[in-house]
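With our numbering, the residue at position 77 of the sequence shown is 77, and numbering never jumps.
Just so you know, even glycine gets a beta-carbon here, dropped at the ideal spot from N, CA and C.
For reference, the structure discussed in these notes is given below.
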Amino acid sequence: MQKFSKILTGFSFLDQKWGGIYPGGNYLIIGSKNAGKLLLSLKMIENFISIDLVTILITNQRFKNLEIQASSLNFNIESAITSEKLFLCNDEVFQPFDSLMDFINEKNPKVIFIDNLLENSFFKSKENYIQLLEFLEQKNITLLSTASLPSNEISKKLLKEIFQFSTGIISLQRSSEKRNYSGQISIKPNIGHIEGEFETNYKIVPNKGFVTLADNENELLKMLSKVNSEYDILSQNQKFDYTIVYDFEEFKLLVESRKSYSAKTNLQINIISYKIKNEVVESIELSRIIQKALNTGDKISYKNNNVFVLPQSNDAEEVEKLIKTLDKNISDSFKNIPGIEFLITKRKEFLTQSYNLE
1 MQKFSKILTG
11 FSFLDQKWGG
21 IYPGGNYLII
31 GSKNAGKLLL
41 SLKMIENFIS
51 IDLVTILITN
61 QRFKNLEIQA
71 SSLNFNIESA
81 ITSEKLFLCN
91 DEVFQPFDSL
101 MDFINEKNPK
111 VIFIDNLLEN
121 SFFKSKENYI
131 QLLEFLEQKN
141 ITLLSTASLP
151 SNEISKKLLK
161 EIFQFSTGII
171 SLQRSSEKRN
181 YSGQISIKPN
191 IGHIEGEFET
201 NYKIVPNKGF
211 VTLADNENEL
221 LKMLSKVNSE
231 YDILSQNQKF
241 DYTIVYDFEE
251 FKLLVESRKS
261 YSAKTNLQIN
271 IISYKIKNEV
281 VESIELSRII
291 QKALNTGDKI
301 SYKNNNVFVL
311 PQSNDAEEVE
321 KLIKTLDKNI
331 SDSFKNIPGI
341 EFLITKRKEF
351 LTQSYNLE
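Put into structure tokens, the structure is as follows:
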């Protein structure tokens, strides 16, 4: 039986929780615009180069933009390219698609990054993706790709198919606090990584780049407290308190990822939904009331007259306890509305493959 020695990424949170990534594996970094996908990629690239792993980065970003982002990590990207440890390419170079394979054969990399996978001109179908995966697996080359939230049905379908082939998924959700580049990151296994799924909070810090609690919790909390007085509470609690409200499109992707994980592990994952009848209250108002009762790690989103809650815990007793708390909060908040228990209906379901969030 073949044993896999994992590769450290330089991303402390992932390395501590998973012990690195599998050589020959393929990983997807997904998140909204400006969530930090490329910066996280550059952080990993810097580490791979430092341990002499030749890397290819395929991106349509202008070199100056890459240089500026890399400088926030104190990463000299120009030096890495000059030393031929990093090969930087525009996707237009690989027309036709087979020319990508020729380039890989020539440079013999250990790691490949594809930035904005769904927007690359050489990547047109699931078949292209599978062809690339099979080629890289034969050569034991690790693939990491970034993707933004899909903007159309074709991209959504393609991304859903990509999820199925991914070794692991790294999800970035930027905080709704627009003045800060911060948010929540989760790592979800799809193949291997039996350590499980983990999440934490991150912040993009000048001269340090992509930082999480795994890097240095006390130092980070001390620094954050100087930025804004509201972080004083975080310092006392020794934890972050970023929003757990997800954009609906991000929430849908999270649900799809959890469905896939549930199918592969036979783990029963709950989702709780509330439906508002007769527009008796606004969904945003209901979501705020529900949010107050949620625990760290719970997720919430809303659309039209529906509010959805994805509990962090899969323990049946914990989920029932949460539901009772939510019901009480709703009842207390709308006690002046007659028959509120009939106007806001609740469902608890398992995330099976047939579950449809719509």
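With a contact defined as Cβ atoms closer than 8 Å, Leu118 and Ser166 miss out at about 14 Å. With a contact defined as Cβ atoms closer than 8 Å, Gly10 and Glu46 qualify at about 6 Å. Annotated three-state conformation of Val255 is helix, per DSSP. If only uninterrupted alpha helix (DSSP H) runs of at least 4 residues are considered, those enclosed by the segment 97 to 139 are 98 to 107 and 126 to 139.
Closest by C-alpha distance to Ser50, out of Gln61, Lys110, Phe13 and Leu38, is Lys110. Secondary structure of Gln353 (DSSP, three-state): coil. When C-beta atoms of the segment 278 to 295 are compared with those of the segment 63 to 82, fewer than three pairs fall below 8 Å, so the two segments do not count as touching. Leu310 is positioned such that its CB atom lies closer than 7 Å to that of Ile271. The beta-carbon distance between Phe87 and Ile114, rounded to whole angstroms, is 13 Å. This is too long to meet the 8 Å contact definition. Taking 7 Å as the cut-off, the beta carbon of Leu143 is found no closer than this to the beta carbon of Leu149.
The beta-carbon distance between Ile58 and Asn120, rounded to whole angstroms, is 7 Å. This is short enough to meet the 8 Å contact definition. Inclusion of Lys43 and Phe210 in the CB contact set at 7 Å is warranted, their separation being smaller than that value. The C-alpha of Glu195 lies about 17 Å from the C-alpha of Ser257.
Inter-residue distance for Leu351 and Val255 is about 8 Å (C-alpha atoms, whole angstroms).
In the three-state scheme derived from DSSP, where H, G and I count as helix and E and B as strand, Thr9 is classed as coil. In the DSSP annotation of this structure, the continuous segment of the beta strand (DSSP E) that includes Leu57 starts and ends at Thr55 to Ile58. Contact between Ser331 and Phe308 fails: their C-beta atoms lie close to 20 Å from each other, not under 8 Å.
Within the same chain, Pro23 come within 8 Å of Ser5 by CB-CB distance, once the 5 residues on both sides are set aside. Beta-bridge partners assigned by DSSP to Thr200: Ile185. Taking C-beta separations shorter than 7 Å and ignoring five residues to either side along the sequence, the partners of Glu250 in its chain run Ser32, Leu149 and Gln173, following chain order.
Ser301 and Tyr246 do touch by the CB rule: their CB atoms are close to 4 Å apart, below 8 Å. Around Glu161, the same chain offers Lys126 as residues with beta carbons nearer than 7 Å, after the five sequence neighbours per side are excluded.
Assigned with DSSP and collapsed to three states, Phe308 falls in strand. Thr82 and Ile169 have their alpha carbons spaced roughly 31 Å apart. Thr146 sits in a strand when the DSSP states are folded into three classes. Residue environment for Ile130: exposed (fewer than 16 other C-beta atoms within 10 angstroms of its C-beta). Annotation: Ser41 is outside any beta strand (DSSP E); the continuous alpha helix (DSSP H) that includes it extends over Lys37 to Ser50.
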